[in-house]
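Just remember that this note's numbering sits 22 ahead of the position in the sequence shown, which is counted from 1.
Even glycine gets a Cβ: it sits at the ideal position worked out from N, Cα and C.
Just so you know, these numbers come straight off a predicted model, no measurement behind them.
Before any comments, here is the structure.
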Amino acid sequence: MQRTLVILKPDAVTRGITWKIIDRLESKGLKLVACKMVMLNEEILREHYSHLVDKPFFPDIVKFMTSAPVILQVWEGVDAVDVVRLMTGVTNARQAQPGTIRGDFAMSVARNVIHASESPEIAEQEIKRFFKEEEIFSYKRLDEDMLYEEDEK
Ligand code: TYD
């Protein structure tokens, strides 16, 4: 099983649509194994978005991402990283496919409701950035045996 980091961004929290995003991920068959609400700060955003620190829009990212709390989550499943990225849609929500989370719930590049890890390696780093090992739980979903063929697990 693979793990991926999701951040429900300040727009998702303040617009009251976090449950809709969680509903989609849970209904898909992904397992929520860690979850907490936190206020991000510039220091951690510099680390998390290190590939964007030199961009002219980086101060706006900081302003937006620190404007309200976020919900940090770890989701688990077979190929969870790719599955959640596909469900997330492209960065510019106006161009994101209908049926994706950004495509259905957002209208902006910056205010695009969800962050999802880009690759398994990055997911591992991101999960370590935000969660201690004891904050990540192990349990069985009751439908787990039905969700996958034996050789897919
Ligand atoms: P990025 O890692 O490129 O995209 P994604 O979130 O799809 O993996 O960018 C991180 C976040 O930075 C993105 O979700 C929104 C913000 N952002 C902007 O505000 N303007 C931009 O031009 C880009 C590329 C990103």
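Check: Is Tyr170 near the ligand TYD, in the sense that its beta carbon is under 8 Å from a heavy atom of that ligand?
Finding: no
Next item on the list: Check whether the region 84-96 touches the region 56-70, taking contact to mean three or more Cβ pairs, one atom from each stretch, closer than 8 Å.
Entry: yes
Checklist line | beta-carbon Leu94 near the ligand TYD non-hydrogen atom, thresh 8 Å | finding: no
Margin query: On the DSSP letters alone, give me the boundaries of the beta strand (DSSP E) that Thr26 sits inside.
Written below: Gln24 to Leu30
Notebook entry, point to check: Mind pulling the alpha helix (DSSP H) runs of 4 or more residues that sit fully within the region 60-139?
Noted result: 64-70, 80-87, 102-110 and 123-127
Next item on the list: Assuming Val100 contacts Val55 (C-beta within less than 8 Å), just tell me the rounded distance between them.
Entry: About 14 Å separates the CB atoms of Val100 and Val55; that is not less than 8 Å, and the two are not in contact.
Next item on the list: Determine the direct distance from the alpha carbon of Glu143 to that of Val103, and round the result to whole angstroms.
Entry: 10 Å
Next item on the list: Have a look at Ser72 and Lys150 and give me their C-alpha separation to the nearest angstrom.
Entry: Per the coordinates, the alpha-carbon of Ser72 lies some 16 Å from the alpha-carbon of Lys150.
Next item on the list: Would you tell me roughly how many angstroms separate the C-alpha atoms of Ala132 and Asp165, rounded to the nearest one?
Entry: Their backbone Cα atoms lie some 36 Å apart in a straight line.
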